[in-house]
Structures are given as structure tokens and as C-alpha cells.
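The structure appears right after this line, and notes come after that.
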Amino acid sequence: MVFPSLLVLRRYVLWALAALLTAVLLLVLVIALFGWNWLRAPMERLALQHTGRELVLSGDLTVDFGWPVARLHATGVRFANPAWAKEKQMVTADGVAVGLDLSSLLKRNIAFTEVRLEQASIFLEQSNKRKSWLLDINQQDENDRIHIGRVALDHGTLGYDDLDQKTSIRAQLATASGETSRATALDLSFSATGQFKGLPLKAQGSGGPVLALRDTSQPYPLKLTASLGPTQVQVDGTVTGLLAFSAVDMQMALSGGSLEQLYPLLGITFPDTRPYAVAGHLLHVDQRWRFEKFSGRFGTSDIAGFVEVTTGGQRPVLNAVLNSRLLALADLGPVIGARSGSLAQAVKDPQAQKRVLPELPFKTERWDSVDADVQLSAKTLRRAEALPLEDLSVHLKLQDSVLTLDPLNFGLAGGQLQTRITLDGRSTPIQASAQVRARKLLLSKLFPTVDLNQASIGQINGEFKLTGTGNSVGDMLASANGQVGLVVAGGQVSRLMMEKVGLHLWEILALNLTGDKLIKLRCAVADFQVKSGVMQTEALVVDTQVTTLLGSGSIDLAREQLDLTLTPKTKTTSPVALRSPIYIRGSFVQPQVSVDKGQVAARAAGAVALGLVNPLLALLPLIDAGPGQDSDCGQLVRDARALPRPVRSPGQVSK
């Protein structure tokens, strides 16, 4: 016996199946009579209601059902940009074929597993936090977009505009005719022009026929040559995950006018350098970018090593190990703010009043774009003949806008110049401090262009401690406070050099005839107190076997002016000596060394007057008897510190 309720249920099921079957038969009949084109109007209405933008399907529409992917093909497709966009249409294509993920559609998400475009023009734009490819009415909902897996392009145009970033790019794309012989063939060629962040852009290259935008397992082959402003780049390799760059494996060559010009491209500050060109291996995995095994040049210097950038933290972290076989000091000039060729130009044209100390400001506003740990070593330095630097080793750290060079070591004159520098870019102007230790510098190498110094024996040691403020090296030194001291204990120096300093004419003549000799250097001390950028002598003494030099005066770092006086005191009787203070004055570019012309003239006049009475008496004013005994070095330093110093207003230099 069948219960009545079961009979009613059976009847309802049969009616439902009949209705469904009827609907399916009617749908099949409509499709048979009219095709899928009847769906165009509903799809256009839905697009307008949801996005506020017009979708036009002017050609035939076909659907190939499958699960979970249904395939749709339409011709004559247009989809409008929002009204604020510069280009009227976002997509215009002769033909569009898509794979629609039905399982995502049930979750109210639109996802295309694959998109194929024929003769398409695509223009994307963003401005004021709005993005034309977002499908909500205001184009601001990041979740309201079409998710695309793979894209295949025929001939077409791709444009991108971002007014806020001063970016506008237009690219032409074309697929090679004929069937692809292998999946990784570079069948897609492209060229692009425009500007990126205000810099002119040109690019051309080739890639695989299918762009796997979200595929993180299949590397996409890419070959590219591009110029961005003065920067040139060439890459050849693979990219995985074109939207997110999940992995990169490429050979890359990079060149440009200065590494600083990479800031708009990478958003990471690099130092200002001379023109550079490097080539190496670029790798990217997860949050790590590494440019390794690279070599090249900047300026006239060679450079090699690796640079690694790790993202994902508060700011990118840059680590690098760099080495150079031959580093030109002139190529380091821009790094510390020195103008190119400023010293050479100043020497040629003193009237131009060029400065020697670097004056270009550091761009501290970019220091918080990266934390850095960089090690640089140079085996040999190319430098001016008068500058006896030999090698370089530096460890640079940039942490929270505080730049530290510790150590910054130079090989100098057979010894070492050990330096620690800190620049605090968190304040304006920069707070700077420097500690410098000079150890075992050889007198014979300290002045390589002075022939009389080549045979000298002795070691120089010293200590500099300075603090200052300013946004350039020149400004920091102009405001510096601290102490500078150098000392030489024992050694030997050229007698001819010291006789020339003492203006002992007879001895100079004799040594020129018989040859130079070495004499004992008992001590040499240079002690300066630095206040507000002026180095004032506390002690300046050179004590040798034949002459003692006592110095006084100042060095103005702000005005780059010298005002030093050296007073020679002979220890041996000289039959012909002019005996005069020696003045070192003038600018850093053109220092001037002179004697007291009044004293020299008076001695000469006295010699002439006495010569009229008796020719032998003419030598009396020129004889320097000297103190006769060596003096204690410590006492000489005390005497030098006791010398009277002229009182000057700030910035004044004695005439």
C-alpha cells in the first residue's frame, strides 16, 4: 500500500523534472534557432548595473560548456573605461576567448583561467586611489576584479597611465606567425615608449607566447633591452609569476650616469657615483633579490662582488660585499659631495674661487628608504702623485637614517689612517663626528713629490677628534670642534731641506756642490685646537740637529684659508743666512709661501753698507750664530704654546 503523501511527493518530482526538461528543451531550441547571441543583451545589462560602464558585444557569442571551466568566445568586444580615465575604452578587441571558472562564479567571483585576445587594445589607468581595472562603481575595491590566470596575445596595444606617478606607457605587441615549436619559444615581441615616474622610457624585447600571470610553477622566458632616462638595462632569462615576481633568474647588464639615478626605479637610495656599467646574475626568491657575480666599472675604477636586498620589513635591507683591484680616488668624489673636477679647475682659474672641501649636500631625506651593510675594499688606489694613499677598506652601515663608516681605513705613506665617522641624518642639519688615528706614517713617503724628503727616516703618529654639523662635508668642517695632533719622535731628515727652511745660503750652496746629508730629527709636534671651524695652533714645532722651527697661526676651514707663521732658529753658525719668518698664507687651492721681505731687505742693506767700509764686514749682518745647543723637545712644545697669538675677528686673515 502506498501512502498518499508519497504519491503527492512523486507527483511533484515528476512535474519538476518535466519542467526542467521542458526548460532545457526550450534552451536547446533557442540556441539551435538563434545561437548564443541572445545572451549578449543580458550580459551587457549586468555589466552596466554592476560597474556603471558599458560592455558591447557586437559580434557572435559562442559557449562551450564544461566543468569546472566553460569556454566563451566573442567577437567585436568593447568595455569602457570609467568617465575619469583619459582613454574612453579599457578593452577593444576583434576577438576574445576566455575560460570561465564556474566554481568561482558560484562564489560570486569572476575568474578566467585563460584569456586569448585578437587584435586588442587595452588601456589601464589609475589616479587618486582609483584603478580602472577594478569593477566596482568607484573603482576602489581591490576584491572586485577579474582574476586572470594566463593571457595569450595576438597583435595589439597595451597602455598604462598613472598621473600621480608621472607615468604613461604605450606598448605594441605582436605574436610571430606559425605554430610554436616549443612552449618556451620567444614568439611574443614587444616595444614600448613613454615615461616612468617622469623619466623617458624606451624598451623592446621578446617573451613566450603565453603570459602566465599567476602561475608560480612555470618560468616565463623574457629578453628585454630598455632605457629609463640615463639608465640602460638588458636582461635575458626567466620570470615566474608575472604579477608578483615570485621568482627571477636572469643575466643582467646595467649602466647609467650615476647609481643615484636608480632611486625612482627601485625606491632605494644609492650613493651618487660617476658613470657605471656592470653585468652579472640577477636572482629573486621569496623576499630576497640578489645581484651576484657581477663585475664592471664606475668612472675609471673596476668593481666586482654582490648586492642583496631583502624586503618585507619596515624598510628594505641591503647587504653588499664589493672589491676593486684599482680604485680611482676621483671616482669617490661624488660619494662625499665633491664636484667633478673642482680642484683641477680651481688650480687653473684661482679667480673662480673654487672650493676644495666637498660642498654638495647629502640627500638625507632618502636615507630612511633602506638599511644597509656594505663592505668595500680596494687593493690599489689611483690618486694624485702628491697624495700617498695606498689601499682602502671601509665598512658602511646605514640604520634608521644613521650612517656609520667603521672602519674607514686607508694605507697612507707606508702606515695606516684608521677612521670612524658617524653621520646622524635624523636631524637637520646632520650631526657628524669623526675619529682619526694616524699610525706609523713614513716621512720618506708622506711627501712623494718633494725630492728632499725621499731619504727622510721617521714615523708619524697622530689623533684627530672632531664634531660638527652640516649637510655637506664642507659645512661639517666649517663648524667643527675638537682637537688635531701629530707627533714624530726621532728620525732623520734632509739637511738641505732644513737649511733651505732656515735660509742658510752658504750651507745650501755647499750641499748643492757636495750632496745632501741626513741629520737628526729630534721631534716634530703639530697640535691644533679646533673651534667653530678654525684650527688654532697650540703647538707647532720641528726640532732638528741644525734648525728648530716654531710655528703659530690658524687654518680657517670655513673660508679655506691658511695663516701660519714658521720662525726658524738655527743651532749652528751660518756665515750667510737671511733669517726671516716664513709665512704660509692664501687659499687651500693656492697656498702662498713667503718670507718677511722687510727683514731680508734690512739684512741685505746692512751688508751693503758695511761692505762699503770693509768688504769683509758685509758678511756680519748675514751671520746667524744660533743658540748653539739642542733644546728639550718638551720645553719647545711649551715655548710654542706660549707664543703670542694675534687677536682677530671671526673670518679675518692676517695680511
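Sequential numbering of the sequence shown, starting at 0, is according to numbering that gives the first Met the number 0.
We put the CB at the ideal spot given by N, CA and C, even for glycine.
Comparing alpha-carbon positions, which option in the options lies nearest residue i?
| i | options | result |
| --- | --- | --- |
| PRO229 | ALA276, VAL238, PHE244, GLN203 | ALA276 |
| THR237 | GLN231, LEU282, SER323 | LEU282 |
| LEU123 | THR166, LEU549, TRP132 | TRP132 |
| ALA191 | PRO360, ARG77, GLN203 | GLN203 |
| ARG521 | ALA252, GLU86, VAL540 | VAL540 |
| ILE420 | THR427, ARG382, LEU386, MET475 | MET475 |
| VAL658 | LEU157, LYS106, ARG44, TYR219 | The structure shown does not extend to residue 658, since the chain spans only 0 to 654, so no value can be given for it. |
| ALA329 | GLY312, ALA173, ASP301 | ASP301 |
| GLU307 | LEU56, ILE109, PHE64, ASP285 | ASP285 |
| VAL533 | THR547, LEU563, VAL524, LEU517 | LEU563 |
| LEU495 | GLY489, VAL487, LEU38, LEU512 | LEU512 |
| ALA525 | ILE554, LEU99, GLU259 | ILE554 |
| ASN142 | TYR159, ARG107, ILE168, GLN164 | ARG107 |
Using DSSP with H/G/I as helix, E/B as strand and the rest coil, what is residue i?
| i | result |
| --- | --- |
| GLU259 | helix |
| GLN491 | strand |
| GLN560 | strand |
| GLY473 | helix |
| ASP367 | helix |
| ASN322 | strand |
| ALA327 | strand |
| THR513 | helix |
| ASN80 | coil |
| ASN36 | helix |
| ILE335 | helix |
| GLU384 | coil |
| ASP271 | coil |
| GLU307 | strand |
| ASP143 | coil |
| LYS499 | helix |
Taking Cβ to Cβ, would you say residue i is nearer than 8 Å to residue j?
| i | j | result |
| --- | --- | --- |
| LEU321 | GLY304 | yes |
| LEU440 | ILE456 | no |
| ALA84 | GLU53 | no |
| VAL68 | ALA151 | no |
| LEU404 | ASP390 | no |
| HIS480 | GLY461 | His is not the amino acid found at residue 480; the sequence shown has Asn there. Cβ atoms of ASN480 and GLY461: not closer than 8 Å. |
| LEU397 | ASP423 | no |
| LEU356 | GLY469 | no |
| GLY155 | ALA119 | yes |
| GLY266 | SER368 | yes |
| ASN318 | ASP372 | yes |
| PRO263 | LEU198 | yes |
| PRO360 | SER257 | no |
| ILE583 | PRO590 | yes |
| TRP66 | LEU101 | yes |
| LYS519 | GLN560 | no |
| ALA437 | LEU416 | yes |
| LEU549 | LYS570 | no |
| LEU411 | PRO387 | yes |
| ALA73 | LEU56 | yes |
Quick check on the DSSP output: the alpha helix (DSSP H) that includes residue i runs from which residue to which?
| i | result |
| --- | --- |
| GLN48 | 39-50 |
| SER103 | 101-105 |
| SER226 | No alpha helix (DSSP H) holds SER226; the beta strand (DSSP E) holding it covers 219-227. |
| SER443 | 442-445 |
Which residues in the same chain as residue i place their Cβ atom closer than 6 Å to its Cβ, once the five residues preceding and following it in sequence are excluded?
| i | result |
| --- | --- |
| VAL97 | LEU71, PHE111, VAL114 |
| GLU358 | SER471, GLY473 |
| SER323 | SER300, ASP301, ILE302, ALA377 |
| LEU331 | none |
| GLN487 | For the record, residue 487 in the displayed sequence is Val; it is not Gln. Closer than 6 Å at the Cβ level, and outside the excluded window around VAL487, lie GLY457, ILE459, ALA523. |
| ARG425 | SER400 |
| ASP271 | SER257, GLU259, PRO333 |
| THR61 | TRP35, HIS72 |
Less than 7 Å between C-beta atoms, sequence neighbours within five positions excluded: which residues of the same chain meet that for residue i?
| i | result |
| --- | --- |
| VAL529 | LEU465, ALA479, ASN480, GLY481, GLN482, VAL483 |
| LEU660 | The first residue shown for the chain is 0 and the last is 654, placing residue 660 beyond what the model contains. |
Ordered along the chain, which non-local residues of its own chain (more than five positions away) have a Cβ less than 8 Å from that of residue i?
| i | result |
| --- | --- |
| LYS347 | Note that LYS347 scores a pLDDT of 45, beneath 50, so its modelled location is shaky; the value from the coordinates is reported in the next line. Nothing meets the Cβ criterion. |
| GLU178 | Residue confidence is low: GLU178 scores 47 on pLDDT, short of 50, so the model does not pin down where it sits. No coordinate-derived value is stated. |
| GLN628 | Its pLDDT being 44, under 50, GLN628 is placed unreliably by the model, and the measurement read from it follows with that caveat. Hits under 8 Å: LYS570. |
Taking the continuous beta strand (DSSP E) assigned at residue i, which residues delimit it?
| i | result |
| --- | --- |
| LEU699 | A query on residue 699 cannot be resolved here, the shown segment of the chain reaching from 0 to 654 and no further. |
| LEU281 | 275-284 |
| PRO67 | That residue, PRO67, is in no beta strand (DSSP E); it is neither H nor E in DSSP. |
| VAL401 | 401-411 |
| SER294 | 287-297 |
| GLN544 | No beta strand (DSSP E) holds GLN544; DSSP gives it neither H nor E. |
| LYS464 | 458-468 |
| PHE189 | 187-195 |
Determine, for residue i, whether the minimum Cβ-Cβ distance to residues of chain C falls below 8 Å.
| i | result |
| --- | --- |
| LEU476 | Note that chain C does not occur in the displayed structure, where there is just one protein chain. |
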